[in-house]
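Taken in order, these protein sequences are the chains called W and Z. All letters in the first sequence, in the order written, are residues 1 to 315 by my numbering. All letters in the second sequence, in the order written, are residues 1001 to 1315 by my numbering. Backbone N, C-alpha and C fix where the C-beta goes; we use that ideal spot for every residue, glycine too. Quick caveat: nothing in here was measured; it's all calculated off a predicted structure.
There are 2 protein chains.
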Amino acid sequence: MSHIVITGASGFVGRALVRRLRADPQHQLTLIDQAFDAATDGPNTRQLLGSFGDPAVLDQALRTPADIVFHLASVPGSLAERQHALGYQVNLQATLTLAHRLAAQGEQQGHVARLVFASSIAVYGPLGTLPVREGQPAQPAISYGAHKLMAEIELADLSRRGAVDAVSLRLPGIVARPATETGHGSAFMSLIMHRLAAGQPYVCPVSSGATAWWMSLPCCVDNLLHAAAISTADAPPSRCWQLPVLHLSMHQILAALEQRYGAQCGQLLSHQVDPQIEALFGRFPALHTPAALAAGFRHDGDADALIRHAMAPAQ
Amino acid sequence: MSHIVITGASGFVGRALVRRLRADPQHQLTLIDQAFDAATDGPNTRQLLGSFGDPAVLDQALRTPADIVFHLASVPGSLAERQHALGYQVNLQATLTLAHRLAAQGEQQGHVARLVFASSIAVYGPLGTLPVREGQPAQPAISYGAHKLMAEIELADLSRRGAVDAVSLRLPGIVARPATETGHGSAFMSLIMHRLAAGQPYVCPVSSGATAWWMSLPCCVDNLLHAAAISTADAPPSRCWQLPVLHLSMHQILAALEQRYGAQCGQLLSHQVDPQIEALFGRFPALHTPAALAAGFRHDGDADALIRHAMAPAQ
Chain W
1 MSHIVITGAS GFVGRALVRR LRADPQHQLT LIDQAFDAAT DGPNTRQLLG
51 SFGDPAVLDQ ALRTPADIVF HLASVPGSLA ERQHALGYQV NLQATLTLAH
101 RLAAQGEQQG HVARLVFASS IAVYGPLGTL PVREGQPAQP AISYGAHKLM
151 AEIELADLSR RGAVDAVSLR LPGIVARPAT ETGHGSAFMS LIMHRLAAGQ
201 PYVCPVSSGA TAWWMSLPCC VDNLLHAAAI STADAPPSRC WQLPVLHLSM
251 HQILAALEQR YGAQCGQLLS HQVDPQIEAL FGRFPALHTP AALAAGFRHD
301 GDADALIRHA MAPAQ
Chain Z
1001 MSHIVITGAS GFVGRALVRR LRADPQHQLT LIDQAFDAAT DGPNTRQLLG
1051 SFGDPAVLDQ ALRTPADIVF HLASVPGSLA ERQHALGYQV NLQATLTLAH
1101 RLAAQGEQQG HVARLVFASS IAVYGPLGTL PVREGQPAQP AISYGAHKLM
1151 AEIELADLSR RGAVDAVSLR LPGIVARPAT ETGHGSAFMS LIMHRLAAGQ
1201 PYVCPVSSGA TAWWMSLPCC VDNLLHAAAI STADAPPSRC WQLPVLHLSM
1251 HQILAALEQR YGAQCGQLLS HQVDPQIEAL FGRFPALHTP AALAAGFRHD
1301 GDADALIRHA MAPAQ
């Protein structure tokens, strides 16, 4: 029986992770989020309402020491830019509180938790046209990325001291988010799939040649579960892995959607380029991650598999 | 009249900076530290006793908005390794509190302060044998370095938002610290100068061929004052400068000491290598800082000038 704590358990990734973990009755799940519904409820499951950075919530969550913590909760990048104080409080300070509460469990109770941290490719800041490698310098251009990077550094230091056993994963945008979710600049990556699959027209805010880094939700969950299970004996001191991704143009995505949903997809799609969105989310260069692949992390395989995984009904 | 705030004003660097700033009667100085003596007292000077991360102390310090803040205070690296909670509180959390209090001054009062942050070469972690350049990746191996790096990232982000106007300087060990100061692993860099200059024998814990990065106290103060004065219009987004240093072996330091204090220095010096100190502080590779030099930052010039500056009586 292992005790698994999940922050942001009601979120897009959190729900899918809970569904997968529930398949194993040996897991005792403690879920933390600001709201819950029945979808994440079930046997061996506690739902704790509140902030993962609230010491009282953490005390309740860790009354039984945690074996594994998936830290998924965060204020999204564009919201954190509009509400700096909120982003600082949640993405940095609450994460530090959680990390140090787990470090105390490790140091005082000798129960060192595996902490899987959902970091982000936002740590890099602007990328050029040259292929990105795993040693790519991080120069975040938004507060969200800065705070994810600072959290990575603290988790690496706490891991060096043996107080926690962290694995930070730099996640790309995950598809296909519910069409109702707004506020993400990269929403087009999910909307193009939902709209064309449903036979609806879609005006895409990036060009046909725009390139992005793609990963489906099931593939993301696979990688999170793998991060919880790997040995960290040979992990880099940063405790950080850039997940492998598919580097695909919108044109390649369209071709895969046509393959699956029919040739009418091409007629449904038009482009009206928003230069800011194109610059921020449509100019990703190639990405090489031999170390992450060697450690067993995976991308979806190809564009067809990406669409199949991304559009699969919730298991 | 400009209002200048200095944290760690009673420290080794702080005292020297206060002496230099006092030469200009147009400066109003607010000094913050845990203890004071008469040396840092004087006209147009307020001494605030307490922590720079204490909101009450900061409110008092910033009743008149600050034009320039020199943030020098920190828990040294080896002490922070022994007392993790203290290092985390001071080097990270108190620094974040100070930075956000200054950001509030910038955002609410429209008075954006220049913040000169004494960061450290400890951000890099282990360096190889190849020359280090300004883009050297930072992979801190001690909490002190991790927290300095995290503070740099937050200051860069607050500067991007226009809330503060930060300049982070990565300082090497500064010489010659008072012989009474202990607890620094790099104490040998100062002790060799004090002992040989005084005609006393010295057993050096690193080899004759050990190489380190050197900067004198007056040179350090020059660079801090320069950092307060430069334009940041073309500063890198990191707001971070690796200061130029002299890359010298203990043998070259001995030669300069002999030059200044006489040939007997060679007889007074012996070596008893501590492998840990040699590994941590005696294996620094060459360092190239063309961007910092172009921005007007300086090292001491040569080994003779280093000794002359380092051993100059307090002005």
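Inset, instruction - Pick out the complete beta strand (DSSP E) segments inside the region 52–84 of chain W, 3 residues or longer, and give them in chain order. - result: 68–71
Legend entry - Nonlocal neighbours in the same chain, by C-beta distance under 7 Å from HIS1299 of chain Z, ignoring five residues either side: Along the second sequence, read from residue 1 onward, the residue named residue 1299 of chain Z stands at position 299. Taken in chain order, the residues that qualify are MET1215, CYS1219, PRO1244, VAL1245 and LEU1246.
Legend entry - C-alpha gap between PRO1178 of chain Z and LEU1169 of chain Z, whole angstroms: Position 178 of the second sequence, counted from the start, is the residue given in the question as residue 1178 of chain Z. Position 169 of the second sequence, counted from the start, is the residue given in the question as residue 1169 of chain Z. Near 23 Å, if we compare the C-alpha coordinates of LEU1169 of chain Z and PRO1178 of chain Z.
Inset, instruction - Specify the secondary structure class of PHE36 of chain W as computed by DSSP and reduced to three states. - result: Looking up residue 36 of chain W in the first sequence gives position 36. Coil, per DSSP.
Legend entry - Proximity of GLY209 of chain W and SER159 of chain W at Cβ, strictly below 7 Å: Translated into positions along the first sequence, residue 209 of chain W becomes position 209. Translated into positions along the first sequence, residue 159 of chain W becomes position 159. Taking 7 Å as the Cβ cut-off, GLY209 of chain W and SER159 of chain W do not qualify as a contacting pair.
Inset, instruction - Would you mind working out which of Z:LEU1058, Z:ALA1073, Z:ALA1279 and Z:ASP1054 sits nearest THR967 of chain Z, comparing C-alpha positions? - result: The structure shown does not extend to residue 967 of chain Z, since chain Z spans only 1001 to 1315, so no value can be given for it.
Inset, instruction - Measure the beta-carbon distance from ALA1166 of chain Z to LEU1115 of chain Z and round it to whole angstroms, keeping in mind my assumption that it falls under 8 Å. - result: Here residue 1166 of chain Z refers to the residue found at position 166 of the second sequence. Here residue 1115 of chain Z refers to the residue found at position 115 of the second sequence. So it is a contact: roughly 4 Å between Cβ atoms.
Inset, instruction - Pair every Cβ in the region 1112–1126 of chain Z with every Cβ in the region 1060–1072 of chain Z, then say whether three or more of these pairs are closer than 8 Å. - result: yes
Legend entry - ALA1146 of chain Z: contacting residues in chain W (beta-carbon distance under 8 Å): The residue labelled residue 1146 of chain Z in the question sits at position 146 within the second sequence. The contacting residues are ILE153, GLU154, ALA156 and ASP157.
Inset, instruction - List in chain order: all unbroken beta strand (DSSP E) runs of 3+ residues lying wholly within the region 1146–1227 of chain Z. - result: 1165–1171, 1202–1204 and 1211–1216
Inset, instruction - Put LEU92 of chain W into one of helix, strand or coil per three-state DSSP. - result: Along the first sequence, read from residue 1 onward, the residue named residue 92 of chain W stands at position 92. It is helical.
Inset, instruction - Could you tell me whether any Cβ in chain Z is nearer than 7 Å to the Cβ of PRO150 of chain W? - result: Taking the first sequence and counting its residues from 1, the one referred to as residue 150 of chain W is at position 150. Reading off the sequence, residue 150 of chain W comes out as Met, not Pro. Chain Z contact via Cβ: present.
Legend entry - DSSP three-state assignment for HIS111 of chain W, whether helix, strand or coil: By one-based count along the first sequence, residue 111 of chain W stands at place 111. The answer is coil: DSSP assigns HIS111 of chain W none of H, G, I, E or B.
Inset, instruction - Out of Z:VAL1005, Z:PRO1043 and Z:GLY1014, state which residue places its alpha-carbon closest to the alpha-carbon of PRO1025 of chain Z. - result: Mapped onto the second sequence, residue 1025 of chain Z falls at position 25. Nearest option by C-alpha distance: Z:PRO1043.
Inset, instruction - Compare the C-alpha of ASP1222 of chain Z against each of Z:VAL1206, Z:GLY1145 and Z:PHE1297 and name the closest. - result: Along the second sequence, read from residue 1 onward, the residue named residue 1222 of chain Z stands at position 222. Comparing Cα positions, the closest option is Z:PHE1297.
Inset, instruction - Report the rounded CA-to-CA distance for MET1311 of chain Z versus PRO1140 of chain Z, giving the unit in angstroms. - result: The count along the second sequence starts at 1 and reaches residue 1311 of chain Z at position 311. The count along the second sequence starts at 1 and reaches residue 1140 of chain Z at position 140. Each residue's Cα considered, the two are about 31 Å apart.
Inset, instruction - Check the Cβ of PRO1161 of chain Z against every Cβ in chain W and list those closer than 8 Å, keeping chain order. - result: Your numbering for residue 1161 of chain Z matches position 161 in the second sequence. The sequence given here has Arg at residue 1161 of chain Z, not Pro. Correct list: HIS84 and SER143.
Inset, instruction - Can you give me the start and stop residues for the beta strand (DSSP E) that ARG46 of chain W sits inside? - result: Counting from 1 along the first sequence, the entry for residue 46 of chain W is found at position 46. Start and end: 45–49.
Inset, instruction - With DSSP as the reference, label GLN242 of chain W as helix, strand or coil. - result: Counting from one through the first sequence, the residue named residue 242 of chain W turns up at place 242. Residue state, collapsed to three classes: strand.
Inset, instruction - Have a look at GLY11 of chain W and LEU86 of chain W and give me their C-alpha separation to the nearest angstrom. - result: Along the first sequence, one-based indexing puts residue 11 of chain W at 11. Along the first sequence, one-based indexing puts residue 86 of chain W at 86. Using only the alpha carbons, I get a separation of about 18 Å.
Legend entry - Reference PRO1172 of chain Z; option with closest CA among Z:GLY1262, Z:VAL1013 and Z:ALA1198: By one-based count along the second sequence, residue 1172 of chain Z stands at place 172. Minimum Cα distance to PRO1172 of chain Z is reached at Z:VAL1013.
Legend entry - Bridge partner(s) assigned by DSSP for ALA118 of chain W: Walking along the first sequence from the start, residue 118 of chain W turns up at place 118. Its beta-bridge partners are W:LEU169.
Legend entry - Spatially closest choice to VAL90 of chain W from W:ALA295, W:ALA151 and W:LEU21, by CA coordinates: The sequence position of residue 90 of chain W within the first sequence is 90, counting from 1. It is W:ALA151.
Legend entry - Cβ shell of LEU203 of chain W (< 6 Å), same chain only, five flanking positions each side left out: As a position in the first sequence, residue 203 of chain W is number 203, starting the count at 1. Checking the displayed sequence, the identity of residue 203 of chain W turns out to be Val instead of Leu. Excluding sequence neighbours, VAL203 of chain W sits near SER270 and GLN272.
Inset, instruction - Note down, in chain order, each residue of its chain lying with its Cβ closer than 6 Å to the Cβ of ILE121 of chain W, except the 5 sequence neighbours on either side. - result: On the first sequence, residue 121 of chain W is found 121 positions in, with the first residue counted as 1. The answer, listed in chain order, is ARG170 and PRO172.
Legend entry - CB contact check: GLN242 of chain W to chain Z, cutoff 7 Å: Numbered from its first residue, the first sequence carries residue 242 of chain W at position 242. Chain Z contact via Cβ: absent.
Legend entry - Neighbour flag for PRO1237 of chain Z against chain W, beta carbons, 7 Å: As a first step, residue 1237 of chain Z must be located in the second sequence, where it is residue number 237. So yes, PRO1237 of chain Z belongs to the interface.
Inset, instruction - Inspect the beta-carbon positions of ALA103 of chain W and ALA163 of chain W and report whether they are closer than 7 Å. - result: By one-based count along the first sequence, residue 103 of chain W stands at place 103. By one-based count along the first sequence, residue 163 of chain W stands at place 163. Closer than 7 Å, so yes.
Inset, instruction - Measure from the C-beta of GLN1139 of chain Z to each C-beta in chain W and report whether the shortest distance is under 7 Å. - result: As a working mapping, residue 1139 of chain Z is identified with position 139 in the second sequence. Cβ-Cβ to chain W under 7 Å: yes for GLN1139 of chain Z.
Inset, instruction - Say whether the region 1254–1271 of chain Z touches the region 1225–1232 of chain Z, bearing in mind that this needs 3 or more beta-carbon pairs closer than 8 Å, one atom from each stretch. - result: no
Legend entry - Coarse secondary structure for SER1143 of chain Z, derived from DSSP in three states: In the second sequence, residue 1143 of chain Z corresponds to position 143, counting from 1. If DSSP states are grouped into helix, strand and coil, SER1143 of chain Z belongs with the helices.
Inset, instruction - Consult DSSP for HIS299 of chain W and reduce its assignment to one of helix, strand or coil. - result: The residue you call residue 299 of chain W lines up with position 299 of the first sequence. If DSSP states are grouped into helix, strand and coil, HIS299 of chain W belongs with coil.
Inset, instruction - Note down the Cα distance separating ILE1004 of chain Z from LEU1029 of chain Z, rounded to an integer number of angstroms. - result: The count along the second sequence starts at 1 and reaches residue 1004 of chain Z at position 4. The count along the second sequence starts at 1 and reaches residue 1029 of chain Z at position 29. The straight-line gap from Cα to Cα measures roughly 5 Å.
Legend entry - Selection from W:ALA94, W:ALA61, W:ARG283 and W:TRP213 that minimises the alpha carbon distance to GLU154 of chain W: To locate residue 154 of chain W, count along the first sequence from 1; it is residue 154. GLU154 of chain W has its Cα closest to that of W:ALA94, out of W:ALA94, W:ALA61, W:ARG283 and W:TRP213.
Legend entry - Euclidean distance between Cα positions of SER190 of chain W and ALA212 of chain W: In the first sequence, the residue the question calls residue 190 of chain W occupies position 190. In the first sequence, the residue the question calls residue 212 of chain W occupies position 212. Near 12 Å, if we compare the C-alpha coordinates of ALA212 of chain W and SER190 of chain W.
Inset, instruction - Determine, using beta carbons only, whether GLU1134 of chain Z and THR1007 of chain Z come nearer to each other than 7 Å. - result: On the second sequence, residue 1134 of chain Z is found 134 positions in, with the first residue counted as 1. On the second sequence, residue 1007 of chain Z is found 7 positions in, with the first residue counted as 1. Not a contact, by the Cβ cut-off of 7 Å.
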